[in-house]
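The structure appears right after this line, and notes come after that.
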Amino acid sequence: MDGEEPGGGLSAAERAVIERGRAWIRDHEEQLVGLLAALVGRQSVTGTEGTHDDPETTVGALYEFLTEETTRATLTARPVEPGRENCHAVLEGTGEELFVCTSHTDTVATGQSSDWPDGEPCNLSSGTVRRVDPGTVALTVDGHTERRTVRDAYDEVWTRREEEQRAALVGRGAFDNKASIVCLAGALLALEQGLDGTELGGTLVHGHLVGEEVSQVGAKAFAGWGDRDGWLGSRFPDPEGAVVVLDGSYGFVPAVGHRGLAWVTLRAEGESTHAATPHLGENAVLRVATALAATDSDAFRERIGAPFVEDRLLGELTVAAGTTIVGGDVTRDDEGQIGRAGVNAVPDWCETTFDVRFPRWEGYPDGVDEIREQFEEAVEAHADATDDRGSVTATVDPAEFFPPVAIAESRPSAREHPLVARALAATESTVGYDPGVTVAPGVTDAAAIHPATGLPTLVEYGPAGGFSHEPWEFVERDSVVEGAAIMLELSVRQLGLA
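All residue numbers for the sequence shown refer to this note's numbering, where the first residue is 20 and numbers rise by one.
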């Protein structure tokens, strides 16, 4: 790879490509921020991301931008579901190795408009963010300040840099995940300019994917999942290389793994009767409540955690029991009004969910189906052990089961992995400090992409910001621009030159 060493030096030719690309980024900073504003201005709640031929949608606006600005990359779009397309950009190199980088184009809903600056969640507002206390930042827009807590990993970044305040861009999806889209687009354009007639030693693949927030349908269509054929495998059979999943993060701190996620649904069936004679029925809500109340027991923890190993990287299994619960004759309309038609009847059904976050197991990564079934059996057996009224069934929808991903056994060993070492080098050369490594708190598209490809994967690597899924979601402005430069350099480090 033309003088490249994992995490180490670059050849003179590689440095020249990077410097030319960085110069392009400096000259086009406002264009990149403008692209972010255009994407934030187009709502893309999961299911409404859009298609490449509709520039009024997020996918269409991105595709139009790339069509107008790229000079060498090949662009394609592939339907995932009606009205929803994945968008791909491929910059061919001479070798067989791939460097696959993904972002996601969907967001969560905006919530109440009045909770946002000027009541406009889809307008990209400018402000400032500063660390006011350990674990706390103050975000100011137009004289109004929101003071909130942030994740430890983001707080740690503030201790590593000199600035006390940074420019911030506020809007739904600015951080999660449209800034990452812009980082990839900027890196691609900068790389085209920086190559200046030379060729990469391998092929760069960018995938902008729908549906990350719900079931990861875009990632499954991209990489392949179950009976769904993947675009990546059809385009590049038996791929070799590495994957980076870009997502709003802490300023391009490599996330080297995340725990798995399973949503277990427990349903109880009872027998309804008039509330004046409850002894004649079987109360399904009480059946579920009894099971939930006993989930803090040693017996439950041992039952559900039996297959899992002590995982130094990913940590322990956790269970959030009762994350949703519904039963009897309760309804809720679109306006949020709750109707209680069955207040005088014993409920004959109840359903609740368990959010289970889990590390690796004996035999990982094999045995995914067995682990999913084990969760069903463990929750159902627990419910049966706590009460015998009525019947219970526990299920895990395969679409709601996401395996863990880990690049190494521990954080120290992860730093030595070639992909991680190169990512650390690319970040440090851009921001001026060693970012360290982290473990992502939630599940990303890596949960679908890694099992399908088997390629080493950074599960999260992206610009700094916060308040995702909340009002006043923000991304640091400089981190968007720095992100384009970081991904430019990482692409060169990973693929080298021909």
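A virtual CB, placed ideally from N, CA and C, is assigned to each residue, including glycine. Since the structure is predicted, the reported quantities are computational estimates derived from the model, not experimental observations.
- A Cβ-Cβ distance of about 6 Å is found for the pair E495 and G484, placing them in contact under the 8 Å criterion.
- The three-state secondary structure of Q356, taken from DSSP, is coil.
- In the DSSP assignment, W491 falls outside any alpha helix (DSSP H), carrying neither H nor E.
- A straight-line Cα-Cα distance of about 8 Å links E139 and S133.
- If you ignore the 5 residues before and after L223, its C-beta comes within less than 6 Å of the C-beta of L110, F118 and S510, all in its own chain and listed in chain order.
- At least 8 Å separates the beta-carbon of H227 from that of T463.
- If you draw a straight line from the Cα of Q212 to the Cα of A32, it is about 14 Å long.
- Rounded to the nearest angstrom, the Cβ distance from L311 to I200 is 40 Å, too far for a contact under 8 Å.
- The residues V264, D266, S268, A274, A459 and T463, in chain order, have a CB closer than 7 Å to that of E479 in the same chain once the five nearest residues on each side in sequence are set aside.
- For D416, no alpha helix (DSSP H) run applies, since DSSP gives it neither H nor E.
- With contacts defined by Cβ atoms closer than 8 Å, R103 and V229 form a contacting pair.
- The alpha carbon of T164 has as its nearest neighbour, out of P490, D497 and I468, the alpha carbon of P490.
- Nearest neighbour of E447 by Cα position, chosen from T77, S122, M506 and A198, turns out to be M506.
- In this structure, the beta-carbon distance from D403 to V411 falls below 8 Å.
- The three-state secondary structure of F327, taken from DSSP, is strand.
- Ranking E68, W135, E392 and E115 by CA distance to the CA of N105 puts E68 first.
- In its chain, beyond the 5 residues on either side, A172, V272 and A274 have a beta carbon closer than 6 Å to the beta carbon of T457.
- In the structure shown, T446 adopts helical secondary structure according to DSSP, grouped into three states.
- According to the DSSP assignment, D174 belongs to the alpha helix (DSSP H) that extends over D171 to R179.
- With a cut-off of 8 Å on Cβ pairs, the stretch 283 to 295 is in contact with the stretch 356 to 372, counting three or more such pairs.
- Cβ-Cβ separation between F394 and A466: approximately 15 Å, too far for a contact (criterion under 8 Å).
- Distance from the CA atom of G249 to the CA atom of R408, rounded to whole angstroms, is 46 Å.
- G455 and N302 have their alpha carbons spaced roughly 53 Å apart.
- The shortest CA-to-CA distance from R320 to any of E335, G270, R306 and E87 is the one to E335.
- In the three-state DSSP reduction, G216 falls in the coil class, being neither helix nor strand.
- Nearest in C-alpha terms to D137, of all of R430, G190 and G481, is G190.
- In this structure, G481 lies away from A209, with their beta-carbon atoms at least 8 Å apart.
- Between G324 and the set G300, E419 and V398, the nearest pair of CA atoms involves V398.
- Between A242 and L251, the C-beta gap is smaller than 8 Å, which places the two residues in contact.
- A distance below 6 Å between beta-carbons, with the five flanking residues on each side excluded, links V169 to the following residues of its chain, in chain order: V156 and G485.
- Among the bridge pairs identified by DSSP, L228 is matched with H123.
- As a beta-bridge residue in DSSP terms, Q184 pairs with R149.
- Ranking G192, T95 and P74 by CA distance to the CA of A128 puts G192 first.
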